[in-house]
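Q: Protein chains in written order, with my numbering: chain A, 1 to 154; chain B, 1001 to 1428. By construction, the Cβ of each residue, glycine as well, lies at the ideal position given by its N, Cα and C atoms. For clarity, every value in this text was computed on a predicted model and none was experimentally measured.
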Amino acid sequence: MLSDKEREEIEAEMARYPHKRAMVPEALRIVQTHRGWISDESVRDVAELMGMSAEEIDTIASSYNMIFRRPVGRHVILFCDNVSCWIMRSDAVRDHLVKRLAAGPGETTKDGRYTVLPSACLGDCHHAPVMMVDDEMHGNLTPEKIDRILERYT
Amino acid sequence: MTTTDEKRPLTRNIRAGAEPPDVSAYEKSAGYEGLRAALKMTPAEVQDCVKKSTLRGRGGAGFPTGVKWSVVPMDPRARSPKYFVVNADEMEPGTMKDRLLLEGDPHQLIEGIVIGAYAVQAARAFIYIRWDYKRAARILEHAIREAYERGYLGNRILGSEFSLELHVHVSNGRYMCGEETGLMNALEGKRATPRNKPPFPQQSGLWGHPTIVNNVETVCNIPHIVRNGPDWFKALSRSEDGGTKIYGVSGRVKNPGLWELPLGTPLRDIIEGEAGGMIDGYGLKGLLPGGGSTDFLTPDHLDVPMDYGSVQKAGSRLGTGTIVVLDDRTCPIGMLISLEVFFARESCGWCTPCREGLPWIARVLTAIEEGRGETRDLDILQFHTKAIRPGNTFCALAPGAIEPLESGLKFYRADFERHISEKRCSYK
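Put into structure tokens, the structure is as follows:
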């Protein structure tokens, strides 16, 4: 069941759209903000509020990169491996990150601290290679810099 | 107006590392004067002004903005409300220019939106922004609240008859959301798949209502055009199309970055001048002039002016104007893999050539890179450059993915053949 807070936030946004079902992506994101990811139960909760089937909601949820249909760690690392980052040897930095965390792309560390996801170009190409941890951008990455960044999140 | 103002209107308020101007600071830089001028004109006059300025879309396709607007039905019986949407879903590989404008001067964008919406008489506006541009979204939300408080948004703007509601919609993330019809489906709460054209969005867009979708940089030009006039705007440019352009360079150059320069500035001035040339020990092997969906150009093209017509004549596209530099110590096939894996990963799966073709291309390129390639693989790649064409695919994104591949096969043929004959990548 949706919490009062979740319902309140979704309904506040709803006024901005002429049709209720336009709220599906925002409703999913609001629920994910509270719960960390979108479980089958969350899909059913959103479906009930929208007056749609769970399958309809899931087909929308599963088409967006930033809606997590599997649990993620406390912090999500979006690692950019696109053209400018790749040219600036993002591979070497990614290998270091994966080794350090013992978690590859799409995986979560054993302690539940980090999930590493490959990302679409993060739009900070003049600071390549870059990655984003939660809401924060980190650029000009080197293995040493990765070590320092990882210590900052608990 | 200072000299910088005249030459670099889009970035005149943007200082590296500084917070963006708030509404008062923006007003002091002649901010919202374009809007005041526009509200004294008729919508048709504003449209005409933008058409005369020869402003073309800065999102990649380069369609003339005034012409795009002129197709919106202005009959009072047209379906209401009409919508004005800003595409801030910047996700083209190698492209970081809209982030600069979003984070650096949010009121410039808001002013452009209000003028654009007035010109087509749209009552509702959205900024569709990608999930990852968190800082930009926060800055915009704050600036929008300020604009409502000062009467630049909301009911009866600055005492006129015109009203506009503006809302930031944060995307849940997908490259396809940046394609204008995919963006409209996403805003309607659906999967981001493309729509057939016609009907064009101007006639039947969001929820079947007339809709304009414009890129961030495009819209940021509007206040300056209205405030200073089309002739001033045309004089900014070194090409037949008006204005400045935010150019960018990434890759192994001494000073990667973003600069606002006259449209039509030669590649050499950008790469060797602004970006400081290649890092010592690296040579220039090639470049993508306007993001990941544009054809390679070579060092022979350095004198090409970076404008729509000249880049096209040289065999590529201006695209987003953000240049990705390939150095001579980096494998062009590896670079293509990075691009094609991205396009394959982000395909919405709606049409077969893109859904099936792009992963196949990525696999063949990977086999060649890893020393498992055969000569006939080059024919397979060549076949795909013909099969994935406008007309064979539903939208323009897959043909965009083919542009670097087709030109890569042409310019780096020797590299491909060497990988296949030596069964390894000689850059490693």
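For the segment 1084-1108 of chain B, list every residue whose C-beta sits within 8 Å of some C-beta in chain A, in sequence order.
A: Glu1090, Met1091, Glu1092, Pro1093, Gly1094, Thr1095, Met1096, Asp1098, Arg1099
Q: Would you decide whether B/Gly1391 is buried or exposed? Buried here means 16 or more other CB atoms lie within 10 Å of its CB.
A: By 1-based counting over the second sequence, the position of residue 1391 of chain B is 391. That one is exposed.
Q: Could you give the residue range of the alpha helix (DSSP H) that holds B/Cys1354?
A: Within the second sequence, the letter at position 354 stands for residue 1354 of chain B. Per DSSP, B/Cys1354 belongs to the alpha helix (DSSP H) from 1352-1369.
Q: If contact means a Cβ-Cβ distance below 9 Å, which residues of the segment 1154-1180 of chain B contact chain A?
A: Glu1165, His1167, His1169, Val1170, Ser1171, Asn1172, Gly1173, Arg1174, Tyr1175, Met1176, Cys1177
Q: Taking its Cβ as the centre, do 16 or more other Cβ atoms sit within 10 Å of B/Lys1097, making it buried, or is it exposed?
A: Residue mapping note: residue 1097 of chain B aligns to position 97 of the second sequence, counting from 1. Answer is buried; the Cβ neighbour count reaches 16.
Q: B/Glu1260 touches chain A at which residues, Cβ-Cβ below 7 Å?
A: The residue you call residue 1260 of chain B lines up with position 260 of the second sequence. None at all; the shortest Cβ gap to chain A is about 14 Å.
Q: Please report the Cβ distance between B/Val1046 and B/Tyr1118, rounded to the nearest whole angstrom; I am assuming they are in contact, meaning their Cβ atoms lie under 8 Å.
A: As a first step, residue 1046 of chain B must be located in the second sequence, where it is residue number 46. As a first step, residue 1118 of chain B must be located in the second sequence, where it is residue number 118. That belief holds up - the Cβ atoms of B/Val1046 and B/Tyr1118 are roughly 6 Å apart, short of 8 Å.
Q: Counting only beta-carbon atoms, is B/Asp1295 nearer than 8 Å to chain E?
A: Annotation note: the requested chain E is absent from the structure, which comprises protein chains A and B.
Q: Taking only the alpha-carbon atoms, compute the straight-line gap between A/Met131 and A/Ala102 and give it to the nearest angstrom.
A: Walking along the first sequence from the start, residue 131 of chain A turns up at place 131. Walking along the first sequence from the start, residue 102 of chain A turns up at place 102. Between A/Met131 and A/Ala102, the alpha-carbon positions lie close to 18 Å from each other.
Q: Since B/Arg1015 meets chain A, which of its residues come closer than 8 Å, beta carbon to beta carbon?
A: The sequence position of residue 1015 of chain B within the second sequence is 15, counting from 1. Within chain A, no C-beta atom comes less than 8 Å from the C-beta of B/Arg1015; the nearest is roughly 16 Å away.
Q: In three-state terms, what does DSSP make of B/Tyr1133?
A: Numbered from its first residue, the second sequence carries residue 1133 of chain B at position 133. Coil at B/Tyr1133, not helix or strand.
Q: Could you work out which residue in B/Met1278, B/Gly1309, B/Asp1307, B/Tyr1308 is closest to B/Pro1299 when comparing CA atoms only?
A: Start at 1 with the first residue of the second sequence, and residue 1299 of chain B comes out as number 299. It is B/Met1278 whose Cα lies nearest to the Cα of B/Pro1299.
Q: So, is the C-beta of A/Pro129 closer than 8 Å to a C-beta in chain B?
A: The sequence position of residue 129 of chain A within the first sequence is 129, counting from 1. Not one chain B Cβ lies under 8 Å of A/Pro129.
Q: If I measure Cβ to Cβ from A/His75 and keep anything under 7 Å in the same chain, skipping five residues before and after, which residues do I get?
A: Locating residue 75 of chain A in the first sequence gives position 75, counting from the first residue. Closer than 7 Å at the Cβ level, and outside the excluded window around A/His75, lie Arg113, Tyr114, Val133, Asp134, Tyr153.
Q: Helix, strand or coil: how does DSSP classify A/Arg44 here?
A: As a first step, residue 44 of chain A must be located in the first sequence, where it is residue number 44. Under the three-state reduction of DSSP output, A/Arg44 falls in the helix class.
Q: Mind checking if B/Arg1008 is an interface residue toward chain A, Cβ cutoff 8 Å exclusive?
A: Against the second sequence, residue 1008 of chain B aligns to sequence position 8. B/Arg1008 does not count as touching chain A.
Q: Can you give me the C-alpha to C-alpha distance between B/Arg1238 and B/Thr1244, rounded to a whole angstrom?
A: The count along the second sequence starts at 1 and reaches residue 1238 of chain B at position 238. The count along the second sequence starts at 1 and reaches residue 1244 of chain B at position 244. Their Cα atoms are separated by approximately 9 Å.
Q: Closer than 9 Å, Cβ to Cβ, to anything on chain A: give me those residues from the segment 1025-1042 of chain B, in chain order.
A: For the segment 1025-1042 of chain B, there are no residues whose beta carbon sits under 9 Å from a beta carbon of chain A.
Q: Residue range of the beta strand (DSSP E) that B/Asp1327 falls in?
A: Within the second sequence, residue 1327 of chain B is the residue found at index 327, counting from 1. Start and end: 1322-1327.
Q: For A/Ala12, does the count of other Cβ atoms within 10 angstroms reach 16, so buried, or fall short, so exposed?
A: Within the first sequence, numbered from 1, the residue matching residue 12 of chain A stands at position 12. By the neighbour-count criterion, in which a residue is buried when 16 or more other Cβ atoms sit within 10 angstroms of its Cβ, A/Ala12 is exposed.
Q: Any beta carbon of chain B sitting closer than 8 Å to that of A/Arg29?
A: Mapped onto the first sequence, residue 29 of chain A falls at position 29. Chain B, which has a Cβ nearer than 8 Å to the Cβ of A/Arg29, makes this yes.
Q: I'd like to know if the segment 1173-1182 of chain B and the segment 1135-1150 of chain B are in contact, where contact means that at least 3 CB-CB pairs between them fall below 8 Å.
A: no
Q: At which residues does the alpha helix (DSSP H) containing B/Leu1102 begin and terminate?
A: Counting from one through the second sequence, the residue named residue 1102 of chain B turns up at place 102. Its alpha helix (DSSP H) spans residues 1097-1104.
Q: Do the segment 1290-1304 of chain B and the segment 1315-1331 of chain B meet, that is, are 3 or more Cβ pairs less than 8 Å apart?
A: yes
Q: Does B/Val1071 pass the burial test, meaning 16 or more other C-beta atoms within 10 Å, or should it be called exposed?
A: In the second sequence, counting from the first residue as 1, residue 1071 of chain B sits at position 71. B/Val1071 is exposed by the Cβ-count criterion.
Q: Quick one: give me the first and last residue of the beta strand (DSSP E) that B/Gly1257 is part of.
A: As a working mapping, residue 1257 of chain B is identified with position 257 in the second sequence. Residues 1257-1262.
Q: Who are B/Leu1164's beta bridge partners in DSSP?
A: By one-based count along the second sequence, residue 1164 of chain B stands at place 164. According to DSSP, B/Leu1164 bridges with B/Gly1154.
Q: Going straight from the alpha carbon of B/Met1001 to that of B/Arg1012, what length do you get?
A: Position 1 of the second sequence, counted from the start, is the residue given in the question as residue 1001 of chain B. Position 12 of the second sequence, counted from the start, is the residue given in the question as residue 1012 of chain B. Since pLDDT at B/Met1001 reaches only 47, below the 50 mark, its modelled position is unreliable, and no value is offered.
Q: With a threshold of 8 Å between beta carbons, is A/His126 in contact with chain B?
A: Taking the first sequence and counting its residues from 1, the one referred to as residue 126 of chain A is at position 126. Yes, A/His126 lies at the interface with chain B (some Cβ there is under 8 Å from its Cβ).
Q: From B/Lys1051 to B/Asp1241, what does the alpha carbon distance come to, in whole angstroms?
A: Within the second sequence, the letter at position 51 stands for residue 1051 of chain B. Within the second sequence, the letter at position 241 stands for residue 1241 of chain B. Using only the alpha carbons, I get a separation of about 11 Å.
Q: Got a sec? Which residues, its chain only, sit under 8 Å from B/Ile1115 by beta carbon, not counting five neighbours each side?
A: As a first step, residue 1115 of chain B is located in the second sequence; it is residue number 115 there, counting from the start. Within the same chain, B/Ile1115 has close Cβ partners Gly1034, Leu1035, Ala1038, Val1046, Ile1222, Pro1223, Val1226.
Q: Enumerate, from N- to C-terminal direction, the unbroken beta strand (DSSP E) stretches of 3 or more residues contained entirely within the segment 27-108 of chain A.
A: 75-80
Q: Mind checking B/Glu1111: buried by the 16 CB within 10 Å criterion, or exposed?
A: The residue given as residue 1111 of chain B occupies position 111 in the second sequence. Answer is buried; the Cβ neighbour count reaches 16.
Q: Tell me the rounded alpha-carbon separation between B/Cys964 and A/Met88.
A: Outside the displayed span of chain B (1001 to 1428) sits residue 964 of chain B, for which this structure offers no information.
Q: Check the Cβ-Cβ distances between B/Pro1020 and every residue of chain A, and say whether any is below 8 Å.
A: For the purposes of this step, residue 1020 of chain B is taken as residue 20 along the second sequence, with counting starting at 1. With 8 Å as the cut-off, B/Pro1020 does not count as an interface residue toward chain A.
Q: Take B/Ile1368 and list the residues in its own chain whose beta-carbon comes closer than 7 Å to its own, dropping the five residues that flank it on each side.
A: By one-based count along the second sequence, residue 1368 of chain B stands at place 368. If we look at B/Ile1368 and ignore the five residues flanking it on each side, its Cβ neighbours are Ile1333, Asp1377, Phe1416, His1419, Ile1420.
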